[in-house]
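There are 2 protein chains.
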Amino acid sequence: MANLDRLFNALSDPTRRAILQDLRRGPATAGALGAAHPMALPSFMKHLGVLERAGLIETEKQGRTRSCRLAPGALVPVSAWLADQRLLWEERTERLAAFVENHEERR
Amino acid sequence: MANLDRLFNALSDPTRRAILQDLRRGPATAGALGAAHPMALPSFMKHLGVLERAGLIETEKQGRTRSCRLAPGALVPVSAWLADQRLLWEERTERLAAFVENHEERR
DNA sequence: GATAAACTGAGCCAGACGGCTAAATGTCTT
DNA sequence: AAGACATTTAGCCGTCTGGCTCAGTTTATC
């Protein structure tokens with residue numbers, strides 16, 4: 001799914017994950033968020049853009065400031081993909097672990 | 001965490017997620033895996049490299065073929081990060097949802 | 001021992017990324 | 001009306017990415 005591409009990609013950057021952390025304290029303006037990160041504002045705004053295009057945050061221009069907040073349910077597709085993976089993945093690797101253990105046992 | 005960078009980045013590409021899907025059927029050689037994807041083999045091998053550096057798969061040269069398999073527990077850090085997020089994220093957005101609902105109610 | 005198979009390595013290319021600065025825009029505040 | 005403030009736009013830069021081809025290298029197979 002193309003949306004998963006954008007989600008995983010947005011999450012692959014430490015600055016962007018930090019922004020999500022910050023926003024858990026509640027909504028904040030772009031500038032206030034950016035002050036915590038050691039880069040020029042235009043660079044920082046790009047990260048906000050990536051997060052918004054991925055659907056992870058929602059922003060709204062209010063007067064001369066832009067307010068940002070976490071987007072409800074944005075992580076659901078990620079969570080769903082992960083759950084689906086673990087279904088067969090861990091089951092399989094548990095079988096593998098069992099096999100290895102068995103194998104070790106008889107050497 | 002630097003490892004999360006590599007994990008999320010590896011997962012942000014549809015070809016790479018497809019490879020993980022394929023490997024749930026069990027280990028396979030690089031060539032066999034690549035046959036299912038419409039690109040030249042060297043290009044495909046790069047994807048395997050990304051997955052391996054992220055710790056998502058393990059590979060081993062056997063004779064002239066390279067065998068690939070899912071790495072046990074590789075998704076645990078992702079899963080943990082996600083669980084941590086949902087802890088405050090969904091809690092917050094549920095409060096938000098409740099607030100919105102309340103607000104709607106009184107219009 | 002020659003030939004085929006299965007990678008592997010080198011190197012090219014266009015475009016995306018993550019940073020920057022400098023200037024422009026729109027919105028308060030006085 | 002002027003000045004300060006909070007972005008926003010534009011454009012530059014070096015690196016990384018994801019694709020390609022072409023030429024090795026190593027290992028079966030006949």
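Heads up: the protein sequence lines correspond to chains A and B, in order. Read in UniProt numbering, the first sequence has 18 at position 18, and its numbers run on one by one without any break. Read in UniProt numbering, the second sequence has 44 at position 44, and its numbers run on one by one without any break. Every residue gets a Cβ at the ideal spot worked out from N, C-alpha and C, and that includes glycine.
7 angstroms Cβ cut-off: residues of chain B touching residue i
i             : result
P38 (chain A) : Those do not exist, as P38 (chain A) stays about 17 angstroms from chain B at its closest Cβ, beyond 7 angstroms.
N9 (chain A)  : S12
Beta-carbon neighbours of residue i, restricted to chain B and to distances below 9 angstroms
i             : result
S43 (chain A) : Within chain B, no residue comes near S43 (chain A); the closest Cβ sits about 18 angstroms away, beyond 9 angstroms.
Where residue i meets chain B, residues with beta-carbon distance less than 8 angstroms
i             : result
S79 (chain A) : L82, R86
9 angstroms Cβ cut-off: residues of chain A touching residue i
i             : result
L48 (chain B) : Those do not exist, as L48 (chain B) stays about 17 angstroms from chain A at its closest Cβ, beyond 9 angstroms.
Close beta carbons around residue i, own chain, < 7 angstroms, minus the five adjacent residues each side
i              : result
A74 (chain B)  : G55, L56
P27 (chain B)  : S67, C68, R69
A10 (chain B)  : R16, V50, L51, A54, L56
A83 (chain B)  : none
R6 (chain A)   : R53, A54
R107 (chain B) : Reliability fails at R107 (chain B), whose pLDDT of 38 lies under 50, so the model's placement of it is uncertain and no value is given.
Residues of its chain near residue i, where Cβ-Cβ distance is below 6 angstroms and the 5 sequence neighbours each way are ignored
i             : result
H47 (chain A) : T15, R16
E60 (chain B) : S67
T29 (chain B) : T65, S67
L41 (chain B) : G34
M1 (chain A)  : none
G31 (chain A) : none
A18 (chain B) : none
Under 7 angstroms by beta carbon: chain A residues contacting residue i
i             : result
L51 (chain B) : Ordered by position in chain A, no residue passes the 7 angstroms Cβ test against L51 (chain B), which lies about 13 angstroms from the chain.
Anticipated Cβ contact below 8 angstroms, residue i with residue j, distance rounded
i             : j             : result
D22 (chain A) : A35 (chain A) : Incorrect: roughly 10 angstroms between the Cβ atoms, too far for contact.
F44 (chain A) : F8 (chain B)  : Not really, about 19 angstroms apart at Cβ, beyond 8 angstroms.
L88 (chain A) : R24 (chain B) : 4 angstroms
Q85 (chain B) : L20 (chain A) : 7 angstroms
Beta-carbon proximity list for residue i, same chain, < 8 angstroms, skipping 5 on both sides
i              : result
L4 (chain A)   : P77, V78, W81
E105 (chain A) : Bear in mind that a pLDDT of 48 at E105 (chain A), under 50, signals an unreliable position, so the number given afterwards is only what the model happens to contain. No residues qualify anywhere along the chain.
A71 (chain A)  : G55, L56, I57, E58
D13 (chain B)  : H47, V50
The ligand ADP heavy atom lying under 7 angstroms from the CB of residue i
i             : result
A83 (chain B) : No copy of the ligand ADP occurs in the structure displayed, which carries no ligand at all.
**Item:** Length-filtered (4 minimum) alpha helix (DSSP H) runs lying within the UniProt domain "HTH arsR-type" (1-90) of chain B
**Value:** 2-11, 14-23, 30-35, 41-53
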